[in-house]
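Enquirer: One structure is given below, represented as structure tokens, and several questions about it will come after.
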Amino acid sequence: MKKILVAVDGSQSAQKAAKKAAELAESLEAEVTLIHVYTETAQVPVNQFNEVASYLSAETLENVMQQQEDTIKAKRQEILDQDAEFFKRKGIEPEKILVHGDPADEVCDYAEENDFDLIIVADKGHGKVERFLLGSISDKIVRHSKKTVMVVK
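So in full-length UniProt numbering, spot 12 of the sequence shown is number 12, and the numbers just go up one at a time.
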């Protein structure tokens, strides 16, 4: 086992999964890649801004949406960077991947396309729904991945 993909979202559960991934990576001398998938997208200004938005040029509106997208990506990159710091303190230099889309689909696809040996995920994520279910994202990854998946509680 030489390549481990770790799904992170900034939650405490994901930090437990990262800890287990670091232990395995150290003992197996494996490469680690952290993947964070975000779902938010930039949106046209709404409510009180609708009237103003109707007067904006297409170029200005595109700039506003690009700024929103950049802000979303920057916040999500911070999560990835924080999780990477944990690995760096353990002497592991992880690759960091930031992707937009459906979290389970993107994790499964990335693992398959890049020939990972193992995917490590937390049993539940950061979202409100995941707090009450056995993490619908981790469940979907387990059911759909063609790679070995470890779910950390």
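Backbone N, C-alpha and C define an ideal beta-carbon position, used for all residues, glycine too.
Rounded to whole angstroms, what is the Cα-Cα separation between residue 80 and residue 27?
Expert: Between residue 80 and residue 27, the C-alpha separation is close to 23 Å.
Enquirer: Could you give the uninterrupted runs of the beta strand (DSSP E) lying entirely in the UniProt domain "UspA" (1-153), keeping only those of 3 residues or more?
Expert: Runs of the beta strand (DSSP E) inside the UniProt domain "UspA" (1-153): 3-7, 31-38, 95-100, 118-122, 148-152.
Enquirer: Report all residues from its chain with a CB closer than 7 Å to the CB of residue 16; omit the five preceding and five following residues, and keep chain order.
Expert: Same-chain partners within the cutoff: 122, 152.
Enquirer: Rounded to a whole number of angstroms, what is the C-alpha to C-alpha distance between residue 99 and residue 35?
Expert: Computed Cα separation, rounded: 7 Å.
Enquirer: Starting from the C-beta of residue 112, find all residues in its chain whose C-beta is less than 8 Å away, skip the five residues before and the five after it, and write them out in chain order.
Expert: Contacts found: 145, 146, 147.
Enquirer: Residues in its own chain within less than 6 Å of residue 95 by CB, not counting five upstream and five downstream?
Expert: Cβ neighbours of residue 95 beyond the five flanking positions: 33.
Enquirer: Please report the straight-line C-alpha distance between residue 93 and residue 59, rounded to a whole angstrom.
Expert: C-alpha separation (whole angstroms): 40 Å.
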